[in-house]
Amino acid sequence: MSTIRERRITDQGLEIGLAALTQDRIREAVQAIRNSETGAKMKVYHETCMRCGMCAPACHFYVSNDNDPSYAPVAKVHQTMTRILNGEDIGPQDVYDFAQIAYTECNLCRRCAFYCPVGIDIGYIMSTVRRFCYKLGMVPQYLNDTGNSHASTMNQMWVKEDEWTDSLLWQEEEARDEFPHIRIPLDKEGADIFYSVIGPEPKFQTQLIYQAACIMHVAGLDWTMPSFPGWDNSDMSMYIGDFETMGRVKKAHFDAAQKLKCKRIVMGECGHAFRSVHDVGNRWLGAKDSPVPIVHSIKFFADLIREGKIKIAYKIDDPVTIHDPCNVIRGRGLMDELRYVTHALCSNVIEMTPNREYNYCCCAGGGVINCGPPYKNSRVQGNRVKAEQIKRTGATIVISPCHNCHSGLEDIVHGAKIDAKISFLGDLIYPQMEKPAHFTEPAPCNGGGHV
Amino acid sequence: METLYLLARGPLCWATAIIFVLAMGWKLSKAWSEAKAKDGSSVAYLSWKFGLRSIFNWAIPYNALGWKENPLICAATFCLHLSLLLLVLFADGHTVLWEYTFGLRIWALSPMLSDILSVVALTSLGVLAWRRIAVPQVKFVTGPADWLALILVTVPVLTGFLSGFLGGTSALTLTTLHILTAEILIVLIPFTRLSHAVFIFFTRAYIGSEFGGVRHCRDW
Numbered sequence: 001m002s003t004i005r006e007r008r009i010t011d012q013g014l015e016i017g018l019a020a021l022t023q024d025r026i027r028e029a030v031q032a033i034r035n036s037e038t039g040a041k042m043k044v045y046h047e048t049c050m051r052c053g054m055c056a057p058a059c060h061f062y063v064s065n066d067n068d069p070s071y072a073p074v075a076k077v078h079q080t081m082t083r084i085l086n087g088e089d090i091g092p093q094d095v096y097d098f099a100q101i102a103y104t105e106c107n108l109c110r111r112c113a114f115y116c117p118v119g120i121d122i123g124y125i126m127s128t129v130r131r132f133c134y135k136l137g138m139v140p141q142y143l144n145d146t147g148n149s150h151a152s153t154m155n156q157m158w159v160k161e162d163e164w165t166d167s168l169l170w171q172e173e174e175a176r177d178e179f180p181h182i183r184i185p186l187d188k189e190g191a192d193i194f195y196s197v198i199g200p201e202p203k204f205q206t207q208l209i210y211q212a213a214c215i216m217h218v219a220g221l222d223w224t225m226p227s228f229p230g231w232d233n234s235d236m237s238m239y240i241g242d243f244e245t246m247g248r249v250k251k252a253h254f255d256a257a258q259k260l261k262c263k264r265i266v267m268g269e270c271g272h273a274f275r276s277v278h279d280v281g282n283r284w285l286g287a288k289d290s291p292v293p294i295v296h297s298i299k300f301f302a303d304l305i306r307e308g309k310i311k312i313a314y315k316i317d318d319p320v321t322i323h324d325p326c327n328v329i330r331g332r333g334l335m336d337e338l339r340y341v342t343h344a345l346c347s348n349v350i351e352m353t354p355n356r357e358y359n360y361c362c363c364a365g366g367g368v369i370n371c372g373p374p375y376k377n378s379r380v381q382g383n384r385v386k387a388e389q390i391k392r393t394g395a396t397i398v399i400s401p402c403h404n405c406h407s408g409l410e411d412i413v414h415g416a417k418i419d420a421k422i423s424f425l426g427d428l429i430y431p432q433m434e435k436p437a438h439f440t441e442p443a444p445c446n447g448g449g450h451v
Numbered sequence: 452m453e454t455l456y457l458l459a460r461g462p463l464c465w466a467t468a469i470i471f472v473l474a475m476g477w478k479l480s481k482a483w484s485e486a487k488a489k490d491g492s493s494v495a496y497l498s499w500k501f502g503l504r505s506i507f508n509w510a511i512p513y514n515a516l517g518w519k520e521n522p523l524i525c526a527a528t529f530c531l532h533l534s535l536l537l538l539v540l541f542a543d544g545h546t547v548l549w550e551y552t553f554g555l556r557i558w559a560l561s562p563m564l565s566d567i568l569s570v571v572a573l574t575s576l577g578v579l580a581w582r583r584i585a586v587p588q589v590k591f592v593t594g595p596a597d598w599l600a601l602i603l604v605t606v607p608v609l610t611g612f613l614s615g616f617l618g619g620t621s622a623l624t625l626t627t628l629h630i631l632t633a634e635i636l637i638v639l640i641p642f643t644r645l646s647h648a649v650f651i652f653f654t655r656a657y658i659g660s661e662f663g664g665v666r667h668c669r670d671w
């Protein structure tokens with residue numbers, strides 16, 4: 001068994017936070033967690049957890065680290081929140097340990113919920129530990145940077161307003177080579193669909209915007225994107241524990257859709273953003289469900305195919321497996337829709353074991369991958385079980401309709417030297433959908449010429 | 452000893468019942484009012500349908516994923532709770548007291564069945580204690596409160612079981628000890644981890660409501 005102190009990872013953000021910690025500040029944060037930040041829910045969890053250890057095999061960190069007991073979900077609570085609630089002496093170095101456990105050794109994936117007979121939500125407890133660390137300025141540097149970006153720009157990646165619209169116009173122009181009539185409609189009032197993406201898409205994954213625009217175009221949909229802040233549905237502030245910024249970011253997102261009077265928000269293939277809009281951020285805003293109807297891409301694509309709005313021209317024969325992202329499967333039950341779309345695109349689908357809502361986490365979500373390079377090795381090592389899962393299927397393509405899962409699985413298959421490619425659903429739909437001639441023919445121009 | 456026995460069976464029994472009802476009632480009402488005040492964003496999602504669905508599915512042995520992957524503790528947990536429930540309600544000595552105190556005539560377990568159930572309960576408690584010592588992930592998180600909970604349950608079961616094999620003064624002593632330790636157990640339920648006996652219905656129903664209503668997914 002290792003201890004959290006033995007496996008400490010140097011993080012510039014935590015080091016800076018540590019230097020500014022005082023006992024008084026820690027005491028104040030403890031009081032805040034005990035008296036104002038939490039209520040009966042936390043107290044009852046604290047009192048009724050039977051310390052049975054049944055949750056241990058639920059956690060990919062525990063299983064992948066040779067059943068090291070210190071990685072068991074209950075052990076993570078025991079080393080952090082239990083100490084806060086018991087009123088134990090907590091020093092600056094302890095807060096460093098708390099931050100490493102809560103931000104980098106728990107993905108808040110909630111798989112342990114299937115294992116706890118008492119029904120304790122360990123994801124909630126670890127989120128609250130993060131809140132405690134955030135209140136003390138103890139946030140890993142890379143993750144904190146995304147939070148600062150959210151607070152300053154309302155997007156995760158420091159994308160300036162002109163850069164955002166430039167990226168969209170650039171993708172529109174690129175796509176016009178293929179679809180001469182295509183538009184990425186900006187600020188279209190009353191559109192049926194408000195399409196929102198996450199910060200990394202305009203920053204370094206613009207092909208995803210391209211693909212989405214092509215799919216919308218071929219399906220003949222009435223859609224728009226905002227030219228102003230609110231286009232980013234992502235939310236690292238939620239994972240940092242900075243709920244105030246989370247609220248501002250979510251409000252900007254919903255406000256943008258409402259300002260444009262759109263009927264619904266369709267969002268790209270992201271898991272954590274989906275959690276933020278329908279489960280966490282909306283609650284902070286006082287909305288029981290999302291203030292504007294929200295559809296995740298998995299459901300959106302399934303409906304497009306089911307209703308014949310897009311037709312799949314051919315299926316691929318490569319062996320394909322499905323990774324079930326926690327925030328859309330355990331978080332919203334979209335497992336059947338995900339399989340419907342995958343089977344429409346692929347003829348050779350091999351299921352992982354376990355799968356669907358029981359699937360192991362990617363080990364990237366929950367803001368863990370956003371903690372950056374210092375934690376890459378512990379993240380890859382902490383999900384050996386996922387690498388083994390993928391390897392057993394023999395698949396060469398892993399469908400993963402979530403950005404964090406996508407990036408995390410790439411690291412995992414690379415680390416385990418598995419010859420598999422990670423793919424979004426859009427990556428397959430875009431090349432495999434029928435593109436009728438009237439979409440791809442050049443647009444007529446004055447005088448009968450072509451543009 | 453006889454005086455103590457009569458005291459334990461009479462006034463202390465009533466005192467135990469009153470203290471338990473008042474303390475548990477106070478804890479529940481305090482938790483509920485605090486939940487409404489501070490956990491509004493959780494309380495809003497409580498659902499009878501999904502809450503009961505979760506309780507039902509976790510009440511079936513080896514149904515939930517956690518039970519399937521922890522077969523030994525699943526067996527120990529169900530054996531312990533079921534045998535305790537049957538013994539508390541239907542052990543032959545208890546049925547006499549039900550009738551004597553409340554005038555309720557109910558079906559009684561045969562002495563042999565009571566003994567078998569006591570052995571089952573003690574074995575299950577032994578398994579739970581063994582896990583606290585020998586299973587690393589359990590040992591890592593085990594503290595005095597966990598041992599207290601185990602001891603509080605074990606002593607009345609053990610004394611109740613042994614009293615049936617003795618006669619005369621020893622039987623009276625053990626029976627008195629059985630009643631007194633059972634009373635201590637009941638009084639302490641609201642103040643120890645044993646409060647899960649009541650709170651589990653709320654925590655289970657709550658997570659079931661979240662998974663069913665918000666996450667459209669089962670939680671077992």
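Chains A and E are the protein sequences, given in the same order.
Residue 304 in this note's numbering sits at position 304 of the first sequence; the count goes up by one each step and never skips.
If you count the second sequence from 1, you need to add 451 to reach this note's numbering.
We put the CB at the ideal spot given by N, CA and C, even for glycine.
Shown here for E105(A): same chain residues with a beta carbon closer than 6 Å to its own, the five before and five after excluded, namely F61 in chain order. Judged by beta-carbon spacing, G663(E) lies beyond the 7 Å limit of F507(E), meaning their Cβ atoms are not closer than that value. The C-beta distance from G247(A) to V139(A) rounds to 18 Å, too long to fall under 8 Å, and the pair is not in contact. The beta-bridge partner set that DSSP reports for V295(A) consists of V266(A).
Rounded to the nearest whole angstrom, the C-alpha separation of W284(A) and R669(E) is 24 Å.
By the rule that beta-carbons nearer than 7 Å mark a contact, P595(E) does not touch chain A. Under the three-state reduction of DSSP, C371(A) is assigned to helix.
Distance from the CA of A622(E) to the CA of M1(A), rounded to the nearest whole angstrom, comes to 48 Å. Taking a C-beta cut-off of 8 Å against chain A, the contacting residues of the region 506 to 523 of chain E are W509, A515, L516, G517, W518, E520, N521, listed in chain order. Within its own chain, the residues whose Cβ lies closer than 8 Å to the Cβ of Y513(E), once the five positions on either side in sequence are excluded, are K519, P522, C525, listed in chain order. In the assembly as shown, H217(A) is a buried residue. Its beta-carbon has 16 or more other beta-carbons within 10 Å. Taking a cut-off of 8 Å for Cβ pairs, the region 91 to 111 of chain A and the region 466 to 483 of chain E do not touch, as fewer than three such pairs fall below it. Taking 7 Å as the upper bound on Cβ-Cβ separation, chain E lies near residues E357, Y358 of the region 357 to 375 of chain A. Considered as a whole, the region 311 to 370 of chain A harbours 320 to 322 as its complete beta strand (DSSP E) runs of no fewer than 3 residues, in chain order.
Assigned with DSSP and collapsed to three states, F194(A) falls in strand. Relative to the Cα of C59(A), the nearest Cα in the group M238(A), Y358(A), E189(A), P374(A) belongs to Y358(A).
Excluding sequence positions up to five before and after G611(E), its CB lies within less than 6 Å of the CB of H629, all in the same chain and listed in chain order.
Residues of chain E with a Cβ closer than 7 Å to the Cβ of I120(A) are, in chain order, T654. For V159(A), there is no enclosing beta strand (DSSP E), as DSSP marks it with neither H nor E. Against chain E, the CB of D279(A) has a partner CB under 7 Å away; the residue lies at that interface. Secondary structure note for V539(E): its alpha helix (DSSP H) is the uninterrupted segment 522 to 541. Annotation: S423(A) is outside any alpha helix (DSSP H); the continuous beta strand (DSSP E) that includes it extends over 421 to 423. For I16(A), the enclosing alpha helix (DSSP H) starts and ends at 12 to 19. Residues of chain A whose Cβ lies closer than 9 Å to the Cβ of A488(E) are, in chain order, G39, A40.
Sorting F591(E), L636(E), V494(E), G577(E) by C-alpha distance to the C-alpha of R51(A) places F591(E) at the top.
Looking at L463(E), F471(E), L457(E), the one whose alpha-carbon comes closest to that of T643(E) is F471(E).
The beta-carbon of I658(E) is placed less than 7 Å from the nearest beta-carbon of chain A.
For I397(A), the enclosing beta strand (DSSP E) has its first and last residue at 397 to 399. The C-beta of H667(E) comes closer than 7 Å to at least one C-beta of chain A. Residue pairing by DSSP places T245(A) in no beta bridge whatsoever. Cβ-Cβ distances below 6 Å link E189(A) to L260, K261 in the same chain, with the five nearest sequence neighbours on each side left out; the list follows chain order.
Counting along the chain, A437(A) sits inside the alpha helix (DSSP H) bounded by residues 437 to 440. Interface with chain E (7 Å Cβ-Cβ cutoff): V197(A) is excluded. Within the region 102 to 120 of chain A, the residues whose Cβ lies closer than 8 Å to some Cβ of chain E are A113, F114, Y115, C116, P117, V118, G119, I120, listed in chain order. Interface flag for V592(E) against chain A is set, since a Cβ pair is found closer than 7 Å.
The C-beta of Q23(A) has fewer than 16 other C-beta atoms within 10 Å across all chains shown, which makes the residue exposed.
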